[in-house]
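*Asks:* Before we start, here is the structure in question, set down as structure tokens.
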Amino acid sequence: MFNKDKHKLIMTQILKDIYSDVTISSLLGFKGGTAAYLFYELPRFSVDLDFDLLENSEENRDIIFERIHNILLKYGEIKDEQKKFFTVFFSLSYEIGEHQIKIEINTRETGAHYEMKSYFGIPMLVATKESMFAGKLVAMTQRKEFVSRDLYDIHFFLKQMWDIDTDVLISYQITSLKIYLETCITFIEDVSNTVLLAGLGELIDEKAKIFVKSHLKNDTIFLLKVRADLLKN
């Protein structure tokens, strides 16, 4: 059985080590589901660590690769690691039979904004709510395969009435928020109900599972339609 407490403990220790390292702490912006879970009360567990490299250069890619590699060795076995032009990636196994922790650093320019937040006294650069929302919308429509976590998170952001960072959308050549929200609506309408819990079921409680199966898709579409209707273009 998946031990969420242990997984969270390992992830947060890795985060502490990354943001306590003055060589790389200012280079990495923390984003994604785990950032939303730890800082914005996203009501689901998250298992990976996602970052943006804020100053992309070959030197900085080399530095973060070396530093994070050495940090991860303290917690288990690195099963995979890659250093490419647009991505730095690691997969850590901290215990046989447990989930691996994936650490991914995007090196593309995303237009996202970050702000300093504290996690039990450790300062971390975290994506703003607005940037996180925009990034999640883009992720949902641009992945090779549908990921149910994206839809769940988008619904939460909509219910919280977060704004959407258009700078992030512009970095992906999306110039009209209204048209893009309509695109997202069409995308969600085409999602099969049979995949809504895929990759999500073990991250939420039973009450949330019932909601996901019965209401998540239609409720998200409704909220997106309301948001799009408020926009002029």
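Heads up: the sequence shown runs through residues 4 to 236, numbered per the working numbering.
Just so it is clear, CB atoms sit at the ideal spot from N, CA and C, and this is done for glycine as well.
Being a predicted model, the structure only gives us computed values, none of them experimental.
1. From D51 to E192, what distance separates their C-alpha atoms?
2. Starting from G36 and walking both ways along the alpha helix (DSSP H), at which residues does that stretch end?
3. Look at the alpha carbon of F190 and the alpha carbon of D222, and state the distance between them as a whole number of angstroms.
4. Can you tell me whether K11 is helix, strand or coil according to DSSP?
5. May I ask which residues mark the beginning and end of the alpha helix (DSSP H) holding N221?
6. Rounded to whole angstroms, what is the Cα-Cα separation between H102 and G79?
7. Report the residue from E133, Q145, E58 and V229 whose alpha carbon sits nearest the alpha carbon of E112.
8. Could you tell me the distance, in whole angstroms, from the CA atom of K9 to the CA atom of S217?
9. Which value, in whole angstroms, describes the spacing of the CA atoms of V198 and E205?
10. Since I108 contacts I21 with CB under 8 Å, what's their CB separation in whole angstroms?
11. For the beta strand (DSSP E) that E118 lies in, which residues bound it at each end?
12. Taking only the alpha-carbon atoms, compute the straight-line gap between S23 and V229 and give it to the nearest angstrom.
*Replies:* If we stick to the structure as given:
1. Walking along the sequence shown from the start, residue 51 turns up at place 48. Walking along the sequence shown from the start, residue 192 turns up at place 189. When rounded, the distance between both Cα atoms is 28 Å.
2. Within the sequence shown, residue 36 is the residue found at index 33, counting from 1. Taken as a continuous stretch (DSSP letters only), the alpha helix (DSSP H) holding G36 covers G35 to F42.
3. Residue 190 sits at position 187 when you count from the first residue of the sequence shown. Residue 222 sits at position 219 when you count from the first residue of the sequence shown. Roughly 14 Å between the two C-alpha positions.
4. Numbered from 1 along the sequence shown, position 8 holds the residue referred to as residue 11. When secondary structure is reduced to three states using DSSP, K11 falls in the helix class.
5. Walking along the sequence shown from the start, residue 221 turns up at place 218. For N221, the enclosing alpha helix (DSSP H) has its first and last residue at K220 to D232.
6. If you number the sequence shown from 1, residue 102 lands on position 99. If you number the sequence shown from 1, residue 79 lands on position 76. Cα-Cα distance, rounded: 12 Å.
7. Looking up residue 112 in the sequence shown gives position 109. It is E58 whose Cα lies nearest to the Cα of E112.
8. Along the sequence shown, one-based indexing puts residue 9 at 6. Along the sequence shown, one-based indexing puts residue 217 at 214. A straight line joining the alpha-carbon of K9 with that of S217 spans about 31 Å.
9. Along the sequence shown, one-based indexing puts residue 198 at 195. Along the sequence shown, one-based indexing puts residue 205 at 202. Approximately 14 Å between the Cα atoms of the pair.
10. Residue numbering aside, residue 108 sits at position 105 when the sequence shown is read from its first letter. Residue numbering aside, residue 21 sits at position 18 when the sequence shown is read from its first letter. Incorrect: roughly 10 Å between the Cβ atoms, too far for contact.
11. For the purposes of this step, residue 118 is identified with residue 115 of the sequence shown, where counting begins at 1. E118 -> beta strand (DSSP E) spans Y117 to Y122.
12. Residue numbering aside, residue 23 sits at position 20 when the sequence shown is read from its first letter. Residue numbering aside, residue 229 sits at position 226 when the sequence shown is read from its first letter. S23 and V229 have their C-alpha atoms roughly 43 Å apart.
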